[in-house]
């Protein structure tokens with residue numbers, strides 16, 4: 047078994063695992079410090095990875111009609127494995143940043159818009175799960191990328207997965 051130093055890992059300089067999601071990454075932040083996508087870093091990308099994908103969900107979101115159903119906050123695909131992370135406030139700026147960031151595509155969240163959309167919760171105590179997936183093949187999901195399309199397309203292509211969980 048791989049040691050922690052060798053394992054595929056997802057971390058954030060702004061969020062401790064199982065720690066609090068700062069307000070500036072939510073819809074409850076103030077002014078320009080509101081709804082920023084959090085900075086993320088990953089380590090030990092598996093050999094053979096052709097692309098990375100990211101899915102962020104509120105895993106404690108209640109469905110008004112009953113059960114807990116994860117609420118998608120962010121979907122990001124076509125992340126080159128040469129990148130080591132995404133900077134704070136990256137969402138919506140991939141083309142402005144250029145270089146390796148230019149080919150990254152942000153999918154639609156459950157608010158039905160592309161990009162990061164931080165939570166505005168009726169009650170706090172929700173867990174937000176950040177998952178990075180190392181894939182052995184490029185994926186083309188067309189113009190409207192969604193979590194469901196991504197998960198269908200990557201079946202059988204996930205080399206490794208790493209998680210970071212934050213609470214809000």
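Residue numbers (this note's numbering): 47 to 214. Just so you know, even glycine gets a beta-carbon here, dropped at the ideal spot from N, CA and C. Keep in mind the model is a prediction, meaning the values are calculated, not measured.
Counting only runs that start and end inside the region 150 to 178, there is no alpha helix (DSSP H) element of at least 4 residues. DSSP places residue 194 inside the alpha helix (DSSP H), whose first and last residues are 193 to 199.
Remark: C-beta atoms of residue 67 and residue 214 approach each other more closely than 8 Å. Between the alpha carbons of residue 65 and residue 86 lies a gap of roughly 14 Å. Look at the beta carbons and you see the region 132 to 151 not touching the region 193 to 201: under three pairs across the two are nearer than 8 Å. Residue 69 sits in a helix when the DSSP states are folded into three classes.
Exclusion of the five residues before and after residue 118 leaves 103, 155, 156, 193 as the residues of its chain whose Cβ lies within less than 6 Å of its Cβ.
Under a 10 Å Cβ-count criterion, residue 141 is classified as exposed, with fewer than 16 other Cβ atoms of the shown protein chains found around its own Cβ. Distance check between residue 57 and each of 70, 169, 69, 91 places 91 closest, using alpha-carbon atoms only. Per DSSP, the unbroken beta strand (DSSP E) holding residue 103 starts and ends at 97 to 104. Look at residue 145 here: in three-state DSSP terms it is helix.
Taking the Cβ atoms as the reference, residue 185 lies roughly 13 Å from residue 100, outside the contact range of under 8 Å.
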